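With mature numbering (1 follows the signal peptide of the UniProt record, and there is no 0) as the guide, the letters of the sequence shown map in order to residues -18 to -1, 1 to 132. Here is the structure we will look at.
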Amino acid sequence: MNALKLAIAVTLAAVAGACNTGGSVGAGPVVVGGSLFGSAFSAPTVQQSEADVVLADLLRSEAGQGLEVSDRRAAATALRGALGTNRTGETVQWQNRSSGTSGRVVTGPSYQVNNILCRDYTHVVKVEGVERSMRGAACRSGEGGWLPIT
């Protein structure tokens, strides 16, 4: 099963790399819910292993440096919520009050690759007052989660 997932991810990465997915971003914010954030957004908190998978691109980028475990959970919850929206330009914000780290995910266009739903996004992270961003793409897995295209 893991070999199949890897083969799908590699195929999707190759196909998506050949796509031009330009577009504009920007829209009103949505506050992420959960134990740290209130209840304005109904996305459940992600587990750490799922957070590390969905944030693989972010954690390898300069923008992901310095994120604590609780920051990664908040960022992954926001990313998962943003990827699941139907509108391009939707912004999902997150904040970890204990560390002071915050960020936002802005959705890009969604598209199909071999009948699999994929979406581009921009993730902006603010750590110790320094804001960094990275662009990424993810595709929906067979289990309903999102896997980054690397």
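Heads up, the beta-carbon is just placed ideally off N, CA and C, and yes, glycines get one too. If you're wondering where the values come from, they're calculated on a predicted model, not measured in any experiment.
Pair within 8 Å by beta-carbon distance, residue i and residue j
i    : j    : result
R79  : T89  : no
A60  : L49  : no
G85  : V107 : yes
L129 : Y103 : no
V109 : T83  : yes
H105 : G118 : yes
DSSP-derived helix/strand/coil call for residue i
i    : result
L49  : coil
L40  : helix
G63  : helix
R54  : helix
T27  : With a pLDDT of 48 at T27, under the threshold of 50, the modelled position of this residue cannot be trusted, and the question is left open.
R122 : strand
G127 : coil
G90  : strand
Bridge-paired residues (DSSP) for residue i
i    : result
G85  : W76, V107
I98  : V95
S115 : V106
Near the ligand FAD: residue i beta-carbon under 7 Å from a heavy atom
i   : result
V51 : Ligands displayed in this structure: none; no statement on the ligand FAD is therefore possible.
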